[in-house]
Amino acid sequence: MTIPDNAPPRYHVLAKPTGAICNLDCKYCFFLSKELLYPGSRFRMADELLASYIRQLLETQKTAPEVNIAWQGGEPTLMGLDFFRRVVELAAQYRQPGQSILHSIQTNGTRLDDEWAAFFRQHNFLVGLSVDGPQPIHDTYRVDKGGQGTFERVMQGWQALRRRAVDVNILCTVHAANADRPLELYRFFRDELGAEFIQFIPIIERTTPETLPLAEQGWTVGRAQRPLYTQHGDLVTTRSVRPEQYGRFLTAIFDEWVRRDVGRVYVQAFDVALGCWLGQYTLCVHTPTCGNALALEHNGDLYACDHYVEPDYRLGNILETPMIDLIASPQQRQFGLNKLTSLPKQCLTCDVRFACHGGCPKDRFLTTADGEPGLHYLCAGYKIFFHHISEAMNFMAEELRHNRAPAGVMAYMARKDAALRQAFAKAGRNDPCPCGSGKKYKQCHGR
Ligand code: SF4
Ligand code: SF4
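Going by this note's numbering, the sequence shown opens with residue 11, and the numbers climb by one from there.
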């Protein structure tokens, strides 16, 4: 296979073997509407495509020490276990010398049992499990086709995974129903589920004035005139998280994590931020450019990104054109570069740009104070978060530069907290408030 000179040495594809088909009907899941792209399809990846995909994925990343074979949906477990047994078989067949393979799957967990869990354990799958919090929160939006909450079924899946010691990453979306309850969520994942890997994903359902009324009802099958979700409009549904709310959500969890959980609980947003503080970018949302995280539909259509599965961003079909040619195509390279070249001046001059990089282009639909388009919807929240974590991140980055564990930050925070408590105890009513607000103590924290 010829690999174009400008092809990235490593890339990531989220493959959707059932397309948008899912057994649930989560109210914020705009991906359900992508079924409209393939009218009449059976929505099952055929064996010929599967074999070609795995071969292309592994052969075109010969120099990558590890290649991730990642499945998502819709709900990928609807393909049945035999599909994934075949995936493992094909991966072994096409694995390149010196290459290791990470299998991963993102699932709603409702169909998992001991047989699935044993299979995942045997083949070291990393399982991303969607849980939005304790039952009343989770069941607000994560419902089945009959509108019933799914928490209990997800927990049965979680228990099966636990029994087999499968590696699990909790995927929690952040939205109107849980964004004001950060510590309740975090402690539930950490203390009740015993989670060690947690990922928070902001829900931003973008709409136009025309599509808003329908979008508010959800994106599912059976909604008359349901719109195809595309990245257009500058309105959001009421389920979406608000910018400052998202910033406060992350900072509240960070404050607990940085005092007691560093090195034992991995929260993706904090790991990614620490990487940025060290100049190492690991999540496309916060990299200068993107374009190396693509999405593959059940019929072989390759799209620029999982968030751009829409006609204008279809690159081609990997059964007709080699996948690596599509990834290296001028259209896709430009897509990735646009993330950088479309930054508004407000981002270019921003003091936390090194950590933010303007966020994902899909959510850049605000106008800056100067009237320039292209500011990220979460900008205000990002600023709150990145400013708030700055001191602790500086400390941890410095520790890592000196080959020391970043967990030392917990003792640093304890010393800082003790000094602050002392300062509060000594402060007079007319002294500057020790919290650093710039106000007098009596106007701020004092009585
Ligand atoms: S925080 Fe806001 S202004 Fe700064 S880089 Fe991010 S989106 Fe741009
Ligand atoms: S569009 Fe957003 S999610 Fe997609 S690759 Fe770029 S930064 Fe990542």
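Where is the CB? At the ideal position from N, CA and C, for every residue including glycine.
**Request:** Identify every residue that forms a DSSP beta bridge with P86.
**Result:** P86 is not bridged to any residue.
**Request:** Let me know the alpha helix (DSSP H) ranges lying completely inside the stretch 167 to 232, each 4 residues or longer, listed in chain order.
**Result:** Within the stretch 167 to 232, the complete alpha helix (DSSP H) runs of at least 4 residues are 192 to 197, 222 to 226.
**Item:** Under the three-state DSSP convention, the category K26 falls into
**Value:** Looking at K26 - three-state DSSP - the assignment turns out to be coil, as it is neither helix nor strand.
**I79 and I111 closer than 8 Å at C-beta** = Pairing I79 with I111 gives a Cβ-Cβ distance under 8 Å.
**Request:** Could you say which of V98, P144, D244, V77 lies nearest to L60 if we only look at CA atoms?
**Result:** Nearest C-alpha to L60: V98.
**Message:** If I measure Cβ to Cβ from L34 and keep anything under 8 Å in the same chain, skipping five residues before and after, which residues do I get?
**Reply:** Exclusion of the five residues before and after L34 leaves E85, N118, T120, R152, V153, D154, K155, T160 as the residues of its chain whose Cβ lies within less than 8 Å of its Cβ.
**Request:** Rounded to whole angstroms, what's the CA-CA distance from V77 to L171? Just pull it up for me.
**Result:** The alpha-carbon atoms of V77 and L171 are separated by roughly 23 Å.
**Prompt:** What are the start and end residues of the beta strand (DSSP E) that includes T117?
**Reply:** Its beta strand (DSSP E) spans residues 110 to 117.
**Message:** Can you tell me which residues form a DSSP beta bridge with T377?
**Reply:** P383.
**Message:** Does the stretch 301 to 321 come into contact with the stretch 53 to 72, if we say contact requires no fewer than three beta-carbon pairs (one atom in each stretch) closer than 8 Å?
**Reply:** Touching, yes.
**Request:** Give the straight-line distance between the Cα atoms of E215 and S250, rounded to the nearest whole angstrom.
**Result:** Approximately 6 Å, taken between the alpha carbons.
**Prompt:** CB P144 to CB F198, shorter than 8 Å?
**Reply:** Cβ distance < 8 Å, so P144 and F198 count as in contact.
**Asked** Does the beta carbon of A303 fall short of 7 Å from some heavy atom of ligand 2?
**Response** Because some heavy atom of ligand 2 lies under 7 Å away, the Cβ of A303 counts as near it: yes.
**Prompt:** Is it right to say T248 is buried, meaning 16 or more other beta carbons lie within 10 angstroms of its own, or is it exposed?
**Reply:** Per the 10 Å Cβ criterion, exposed.
**Asked** With DSSP run on the structure shown, which of helix, strand or coil describes Y451?
**Response** Shown here, Y451 sits in a helix according to DSSP, grouped into three states.
**Message:** Using a Cβ-based criterion (distance less than 7 Å to any ligand heavy atom), does H386 qualify as near ligand 1?
**Reply:** Checking every heavy atom of ligand 1 against the Cβ of H386, one is found closer than 7 Å.
**Prompt:** Between which two residues does the beta strand (DSSP E) harbouring A428 extend?
**Reply:** Residue range 419 to 436 is occupied by the alpha helix (DSSP H) that includes A428, with no beta strand (DSSP E) assigned at that position.
**Asked** How about Y256: is its Cβ closer than 7 Å to a heavy atom in ligand 1?
**Response** If you check the C-beta of Y256 against ligand 1, you find no heavy atom less than 7 Å away.
**Message:** Can you look up L336 in the DSSP assignment and give me helix, strand or coil?
**Reply:** Look at L336 here: in three-state DSSP terms it is helix.
**Item:** Three-state class that DSSP yields for L325 in the structure shown
**Value:** Residue state, collapsed to three classes: strand.
**Prompt:** Expressed to the nearest angstrom, what Euclidean distance is found between the alpha-carbon atoms of G257 and A189?
**Reply:** Straight-line Cα distance between these residues: approximately 10 Å.
**Item:** Any non-hydrogen atom of ligand 1 closer than 7 Å to G368 Cβ
**Value:** For ligand 1, at least one heavy atom lies less than 7 Å from the Cβ of G368.
**Item:** Secondary structure of N78, DSSP reduced to three states
**Value:** DSSP places N78 in strand when its eight states are reduced to three.
**Request:** Check whether the stretch 401 to 417 touches the stretch 376 to 390, counting contact only when three or more Cβ pairs, one atom from each stretch, lie closer than 8 Å.
**Result:** Not touching, per the Cβ criterion.
**Contact set for A338: own chain, Cβ-Cβ below 6 Å, skip 5 residues either direction** = Taken in chain order, the residues that qualify are P14, N16, A17.
**Asked** Between L260 and E254, what straight-line distance do the alpha-carbon atoms span, to the nearest angstrom?
**Response** Taking the straight line joining both Cα atoms gives about 10 Å.
**Asked** Taking all protein chains shown into account, do 16 or more other C-beta atoms lie within 10 angstroms of the C-beta of D57, making it buried, or fewer, making it exposed?
**Response** With fewer than 16 other Cβ atoms inside 10 Å of its own Cβ, D57 counts as exposed.
**Message:** For C182 and L293, what's the separation of their Cα atoms in angstroms?
**Reply:** Counting only the Cα atoms, L293 lies some 17 Å from C182.
**Prompt:** Are F396 and Y387 closer than 8 Å when you measure CB to CB?
**Reply:** No, Cβ-Cβ distance for F396 and Y387 is not below 8 Å.
**Request:** To the nearest angstrom, report how far apart Q432 and R425 are at their CA atoms.
**Result:** Taken atom to atom, the span from the alpha-carbon of Q432 to that of R425 is near 11 Å.
**Where V98 falls: helix, strand or coil (DSSP)** = Taken through DSSP and simplified to helix, strand or coil, V98 comes out as helix.
**Prompt:** Does DSSP put V295 in a helix, a strand or coil?
**Reply:** If DSSP states are grouped into helix, strand and coil, V295 belongs with the helices.
**Item:** Distance, R174 Cα to D123 Cα
**Value:** Roughly 10 Å separates the two Cα atoms.
**Asked** Assuming V176 contacts F130 under a Cβ cut-off of 8 Å, what Cβ separation, rounded to an integer in Å, is found between them?
**Response** Confirmed, Cβ separation roughly 5 Å.
**Item:** Through-space distance from H242 to T28, alpha-carbon basis
**Value:** CA-CA distance, T28 to H242, rounds to 25 Å.
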